[in-house]
Amino acid sequence: MAETFKNKTLVIGDTADAVAYTCPSLTTAIVIHCQVANVNGANAADLNIDLHDSSATSTAAVVSTVSVPADSALNPIGGKLVLEASDELRVWAGAASDLELTLGILEIT
4 MAETFKNKTL VIGDTADAVA YTCPSLTTAI VIHCQVANVN GANAADLNID
54 LHDSSATSTA AVVSTVSVPA DSALNPIGGK LVLEASDELR VWAGAASDLE
104 LTLGILEIT
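Per the working numbering, the sequence shown starts with residue 4, numbered consecutively.
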């Protein structure tokens, strides 16, 4: 088994269920860090994160409408999150370009 650490950054838009990360085929991924920063100096912005389980063709909320205060950051995933091959982490915000996402991921092949 090979283990590879990956970083992923993304400016979060306001389109629902935009894919932030897709677990590659023949891979298990563990999200070990997730931070969201609000770069808007004046307004809070709402954050949503869903996990789409491709094998079960179902989607579940990981974070739903959590307010991120202006000029602050939070770690919305309290622990590790496991994704199987083809699973997706989907994100969107209440306001486009106010929130920035940083992920630390361990991919196991």
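Backbone N, C-alpha and C define an ideal beta-carbon position, used for all residues, glycine too.
DSSP three-state assignment for residue i, whether helix, strand or coil
i: ASP74; result: coil
i: GLU110; result: strand
i: SER61; result: strand
Beta bridge counterpart(s) of residue i as assigned by DSSP
i: ILE52; result: VAL66 and VAL94
i: ILE15; result: LEU102
i: LYS9; result: ILE108
Distance between beta carbons of residue j and residue i, contact taken as under 8 Å
i: LEU77; j: ALA63; result: Between ALA63 and LEU77 the Cβ distance is about 20 Å, and since that is not below 8 Å, they are no contact.
i: ILE33; j: LYS83; result: 5 Å
i: ALA23; j: LEU92; result: 5 Å
Residues of its chain near residue i, where Cβ-Cβ distance is below 7 Å and the 5 sequence neighbours each way are ignored
i: VAL66; result: LEU50, ASN51, ILE52 and PRO79
i: ASP20; result: ASP53, ARG93 and TRP95
heavy atom of the ligand NAP below 6 Å from residue i C-beta
i: SER57; result: Among the components modelled here there is no ligand, and therefore nothing to report on the ligand NAP.
Sequence-distant residues of its chain with Cβ nearer than 8 Å to residue i (five each side left out)
i: CYS26; result: ALA32, LEU86, GLU87, ALA88, SER89, ASP90, GLU91 and GLU110
Other residues of its chain near residue i: CB distance less than 6 Å, five sequence neighbours each side excluded
i: ALA48; result: ASN41, VAL71, ALA96, GLY97, ALA98, ASP101 and LEU102
Which listed residue (the options) has its alpha carbon closest to that of residue i
i: THR105; options: VAL39, ASP17 and MET4; result: VAL39
i: ILE35; options: SER61, ASP17, SER75 and PHE8; result: PHE8
i: ASP74; options: ALA59, ASN43, SER61 and ASP56; result: ASN43
i: THR117; options: THR112, ASP17, THR30 and LEU29; result: Residue coverage of the chain in this structure runs from 4 to 112, which leaves residue 117 outside it and unanswerable.
i: GLY107; options: LEU13, MET4 and LEU29; result: LEU13
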